[in-house]
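Engineer: Protein chains in written order, with the UniProt record's numbering: chain S, 1 to 141; chain A, 1 to 287.
Take this structure, written in structure tokens, and hold onto it; I'll ask about it next.
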Amino acid sequence: MAMTVHVDIVSAEGAIHSGQAAMVYATAEMGEVGIAPRHTAFISRLRPGDVRVENEQGEQEHFYVSGGMLEVQPHKVTVLADTAIRARDLDEAAALEAKRRAEDTLSGQKAEFEYAKAQAELAEAVAQLRAIEKLRRLKGR
Amino acid sequence: MAGAKEIRTKIASIKSTQKITKAMQMVAASKMRKAQDRMAASRPYAEKMLQVISHLANATPEYRHSFMAIERPRKRVGYIVVSSDRGLCGGLNSNLFRRLIAEIKEQRTAGIEPVFCTIGTKALGFFKRFGGEVKAQATHLGDKPHVEDLVGTVKVMLDAFEAGEIDAIYVVGNEFVNTMTQRPVIRQLVPLVPGEREAMPDHWDYIYEPDAKSVLDALLTRYIESLVYQAVVENSACEQAARMVAMKAASDNAGNLIGELQLVYNKARQAAITQEISEIVSGAAAV
Chain S
1 MAMTVHVDIV SAEGAIHSGQ AAMVYATAEM GEVGIAPRHT AFISRLRPGD
51 VRVENEQGEQ EHFYVSGGML EVQPHKVTVL ADTAIRARDL DEAAALEAKR
101 RAEDTLSGQK AEFEYAKAQA ELAEAVAQLR AIEKLRRLKG R
Chain A
1 MAGAKEIRTK IASIKSTQKI TKAMQMVAAS KMRKAQDRMA ASRPYAEKML
51 QVISHLANAT PEYRHSFMAI ERPRKRVGYI VVSSDRGLCG GLNSNLFRRL
101 IAEIKEQRTA GIEPVFCTIG TKALGFFKRF GGEVKAQATH LGDKPHVEDL
151 VGTVKVMLDA FEAGEIDAIY VVGNEFVNTM TQRPVIRQLV PLVPGEREAM
201 PDHWDYIYEP DAKSVLDALL TRYIESLVYQ AVVENSACEQ AARMVAMKAA
251 SDNAGNLIGE LQLVYNKARQ AAITQEISEI VSGAAAV
């Protein structure tokens, strides 16, 4: 039997995923990371993006997180997500709409605060779209 | 007799009130179950976070975040008051405010000035009447409160703490003991109350990305937000439980009232009939 690591994905509003995995991928603050079982203790902030959990059969499950923390211990991986929704539940139209709205606000450029907020919204919408595209490519194969 | 008709309309109106309170009771019962589930669902996140934080605090003793610092002398303290948005839930909110008033009095005699931040319309209404400095507010969270609705409110308080405007933050809300009992509680949020420190036999540390300080900062803010979120969810479960009990009492009272009125109505009708007969009899005797 292949080595596995226990993965918990929890958000403040409830547990999202719990189970064994052969590999976990996430977009950490400094770039994408892949966590294999027995990885040394590691902690990082997460950027908006998707967290992929690969099981022993090589099937991947996608979770979208809009930020959070990743904590790794040799036999346990915990994702403390800000808000994590199952990637397939993501509404592409809503993401596009959010992106458009953010871009509209960007071109308007009213206050500094609104600019920063719009930029954050844009980054999130782009990350959501990327997650959807990845999922679609996987399904297409 | 003239009273009979009035009594009948009164009974009808009480009956329709009873229907409403019965319906509210059943709605509250189903909402309470959901709120309790949400309460349970929010626990693993906070527990997990506390584990990581206490580990970090042990592993990096050279860095102390201001939220974890030692107590500083208190001049002003902040209260985050969690209340319900709607009424008709018995004494839930008034018990909470009574407990808070006692606390405020105690603080004021010690020379400590309180500032507030309210969650829910009832708390906002209370401070409008009672007076006091309200720094921030969040209302209309609905039955499914979301963390993002609270982030702003919590941040206002945390910023005030870091700027040294306030020296401690408490969260005030109802504790869900069981369906019949809800207890108002005041818990200290910041500075963090040190829990039992686990002894660390084998010394190990995380690899930090980007560094321990920023990781700890992000964790602490999220942890405090999740504590406030928990208080809000717990309060919403309390609200539904209190409403259910209050509405059950109201339905029972309406039932009693209907019974009593029915008795009065029967008596009045009987009296009218007796009177009519005696009038007829005396009329016949006179002829």
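Where is the CB? At the ideal position from N, CA and C, for every residue including glycine.
Values in this document were obtained by computation on a predicted structure and should not be read as measured data.
Given that a residue counts as buried once 16 or more other Cβ atoms are within 10 Å of its Cβ, and exposed if not, what is P74/S?
Structural biologist: In the first sequence, counting from the first residue as 1, residue 74/S sits at position 74. It is exposed - the Cβ of P74/S has fewer than 16 other Cβ atoms within 10 Å.
Engineer: Can you tell me whether I16/S is buried or exposed, with buried defined as 16 or more other CB within 10 angstroms of its CB?
Structural biologist: Taking the first residue of the first sequence as 1, we reach residue 16/S at position 16. Buried, because 16 or more other Cβ atoms sit within 10 Å of the Cβ of I16/S.
Engineer: Closest to E71/S by CA distance: which of L122/S, Y25/S, A41/S is it?
Structural biologist: Position 71 of the first sequence, counted from the first residue, corresponds to residue 71/S. For the residues L122/S, Y25/S, A41/S, the minimum Cα distance to E71/S belongs to A41/S.
Engineer: Would you say E133/A lies against chain S (beta-carbon separation less than 7 Å)?
Structural biologist: As a working note, residue 133/A is residue 133 in the second sequence. Judged by the 7 Å Cβ criterion, E133/A is not in contact with chain S.
Engineer: Could you confirm whether any beta carbon from chain A is found closer than 7 Å to the beta carbon of T78/S?
Structural biologist: Your numbering for residue 78/S matches position 78 in the first sequence. Yes, because at least one Cβ of chain A sits closer than 7 Å to the Cβ of T78/S.
Engineer: Name, please, each residue of chain A whose Cβ falls closer than 8 Å to the Cβ of E29/S.
Structural biologist: Working through the first sequence from its first residue, we reach residue 29/S at position 29. Chain A residues near E29/S: E209, P210.
Engineer: Which same chain residues, not among the five before or five after K19/A, have their C-beta less than 6 Å away from its C-beta?
Structural biologist: Walking along the second sequence from the start, residue 19/A turns up at place 19. Closer than 6 Å at the Cβ level, and outside the excluded window around K19/A, lies no residue.
Engineer: Note down, in chain order, every chain A residue with its Cβ under 9 Å from the Cβ of residue 147/S.
Structural biologist: With chain S covering 1 to 141 only, the question about residue 147/S has no answer from this structure.
Engineer: Note down, in chain order, each residue of its chain lying with its Cβ closer than 7 Å to the Cβ of Q240/A, except the 5 sequence neighbours on either side.
Structural biologist: The count along the second sequence starts at 1 and reaches residue 240/A at position 240. Around Q240/A: A28, K31, M32, A35.
Engineer: Taking 6 Å as the limit between beta carbons, can you name the residues of its chain near R72/A, skipping five residues before and five after?
Structural biologist: For the purposes of this step, residue 72/A is identified with residue 72 of the second sequence, where counting begins at 1. Taken in chain order, the residues that qualify are D167.
Engineer: Hey, out of M244/A, V156/A, L263/A, E225/A, whose CA is closest to P145/A's CA?
Structural biologist: Taking the second sequence and counting its residues from 1, one reaches residue 145/A at position 145. For P145/A, the nearest C-alpha among the options comes from E225/A.
Engineer: Rounded to a whole number of angstroms, what is the C-alpha to C-alpha distance between S214/A and G67/S?
Structural biologist: Along the second sequence, one-based indexing puts residue 214/A at 214. Along the first sequence, one-based indexing puts residue 67/S at 67. If you take the alpha carbons of S214/A and G67/S, they lie about 14 Å apart.
Engineer: Is the number of C-beta pairs between the region 151–170 of chain A and the region 73–86 of chain A that are closer than 8 Å three or more?
Structural biologist: Short answer: they touch.
Engineer: What's the gap between the Cα of Y208/A and the Cα of R45/S?
Structural biologist: Taking the second sequence and counting its residues from 1, one reaches residue 208/A at position 208. Taking the first sequence and counting its residues from 1, one reaches residue 45/S at position 45. Straight-line Cα distance between these residues: approximately 9 Å.
Engineer: Which residue or residues does DSSP assign as beta-bridge partners of T118/A?
Structural biologist: Taking the second sequence and counting its residues from 1, one reaches residue 118/A at position 118. The partner list for T118/A (beta bridge, DSSP) reads V81/A, Q137/A.
Engineer: Report the three-state DSSP secondary structure of Y25/S (helix, strand or coil).
Structural biologist: Reading the first sequence from its first residue, position 25 is the one you call residue 25/S. The answer is strand: DSSP assigns Y25/S an E or B state.
Engineer: Where E162/A and P114/A are concerned, what is the direct C-alpha to C-alpha distance, given to the nearest angstrom?
Structural biologist: Translated into the one-based positions of the second sequence, residue 162/A becomes position 162. Translated into the one-based positions of the second sequence, residue 114/A becomes position 114. Distance between the alpha carbons of E162/A and P114/A is about 16 Å.
Engineer: Under 8 Å, with one C-beta from each stretch per pair, do the region 75–90 of chain A and the region 144–160 of chain A reach the 3-pair mark?
Structural biologist: Segments in contact, yes.
Engineer: Taking C-beta to C-beta, are A127/S and G49/S nearer than 7 Å?
Structural biologist: Mapped onto the first sequence, residue 127/S falls at position 127. Mapped onto the first sequence, residue 49/S falls at position 49. A contact, by the Cβ cut-off of 7 Å.
Engineer: Is the region 78–93 of chain A touching the region 120–130 of chain A, taking contact as three or more C-beta pairs under 8 Å?
Structural biologist: Short answer: they touch.
Engineer: Taking C-beta pairs closer than 7 Å, name the residues in chain S that M49/A reaches, listed in chain order.
Structural biologist: Here residue 49/A refers to the residue found at position 49 of the second sequence. In chain order: L80.
Engineer: List the residues of chain S whose Cβ lies closer than 9 Å to the Cβ of S236/A, in chain order.
Structural biologist: Taking the first residue of the second sequence as 1, we reach residue 236/A at position 236. What S236/A touches in chain S: nothing, since even the nearest Cβ is about 13 Å away.
Engineer: For T27/S, count neighbouring Cβ atoms within 10 angstroms of its own Cβ and tell me buried if that reaches 16, exposed if not.
Structural biologist: Along the first sequence, read from residue 1 onward, the residue named residue 27/S stands at position 27. So T27/S counts as buried.
Engineer: So, is the C-beta of residue 142/S closer than 7 Å to a C-beta in chain A?
Structural biologist: The shown model of chain S, from 1 to 141, leaves out residue 142/S, and the question about it has no answer.
Engineer: List the endpoints of the continuous beta strand (DSSP E) containing S11/S.
Structural biologist: Indexing the first sequence from 1 puts residue 11/S at position 11. 5–11 is the extent of the beta strand (DSSP E) around S11/S.
Engineer: Taking a contact to mean a Cβ-Cβ separation below 7 Å, would you say V53/S touches E61/S in this structure?
Structural biologist: By 1-based counting over the first sequence, the position of residue 53/S is 53. By 1-based counting over the first sequence, the position of residue 61/S is 61. Yes.
Engineer: Note down the Cα distance separating R43/A from G14/S, rounded to an integer number of angstroms.
Structural biologist: For the purposes of this step, residue 43/A is identified with residue 43 of the second sequence, where counting begins at 1. For the purposes of this step, residue 14/S is identified with residue 14 of the first sequence, where counting begins at 1. The alpha-carbon atoms of R43/A and G14/S are separated by roughly 8 Å.
Engineer: Just to confirm my understanding: we take D149/A, look at its own chain, exclude 5 residues before and 5 after, and list those with CB closer than 8 Å. What are they?
Structural biologist: Counting from 1 along the second sequence, the entry for residue 149/A is found at position 149. Excluding positions up to five away in sequence, the list reads A138, L141.
Engineer: If you measure from the CB of Y170/A, is any heavy atom of the ligand FMN nearer than 6 Å?
Structural biologist: Looking at this structure, you won't find the ligand FMN or any other ligand, since it has none at all.
Engineer: When the Cα atoms are used, what is the spatial distance from R88/S to I14/A?
Structural biologist: As a position in the first sequence, residue 88/S is number 88, starting the count at 1. As a position in the second sequence, residue 14/A is number 14, starting the count at 1. With a pLDDT of 47 at R88/S, under the threshold of 50, the predicted position of this residue should be treated as unreliable, and no value is reported.
Engineer: Output, in chain order, the set of chain S residues within a Cβ distance shorter than 8 Å of D159/A.
Structural biologist: By 1-based counting over the second sequence, the position of residue 159/A is 159. None at all; the shortest Cβ gap to chain S is about 14 Å.
Engineer: Give the interface partners of A41/A over in chain S, defined as CB-CB distance under 7 Å, in chain order.
Structural biologist: The residue labelled residue 41/A in the question sits at position 41 within the second sequence. Residues of chain S passing the Cβ test: E13, G14, A15.
Engineer: Of the residues L56/A, I101/A, Y206/A, V287/A, which one's Cα is nearest the Cα of I186/A?
Structural biologist: What you label residue 186/A is simply residue 186 of the second sequence in a count that begins at 1. The residue with the shortest Cα to Cα distance from I186/A is I101/A.
Engineer: Considering L257/A, what are the terminal residues of the alpha helix (DSSP H) in which it resides?
Structural biologist: Counting from 1 along the second sequence, the entry for residue 257/A is found at position 257. 212–286 is the extent of the alpha helix (DSSP H) around L257/A.
Engineer: Under 7 Å Cβ-Cβ, which residues of chain A neighbour V10/S?
Structural biologist: One-based indexing of the first sequence puts residue 10/S at position 10. P44, Y45, K48, listed in chain order.
Engineer: Using DSSP's beta-bridge definition, name the partner residues of P184/A.
Structural biologist: Counting from one through the second sequence, the residue named residue 184/A turns up at place 184. Answer is N174/A, bridged to P184/A.
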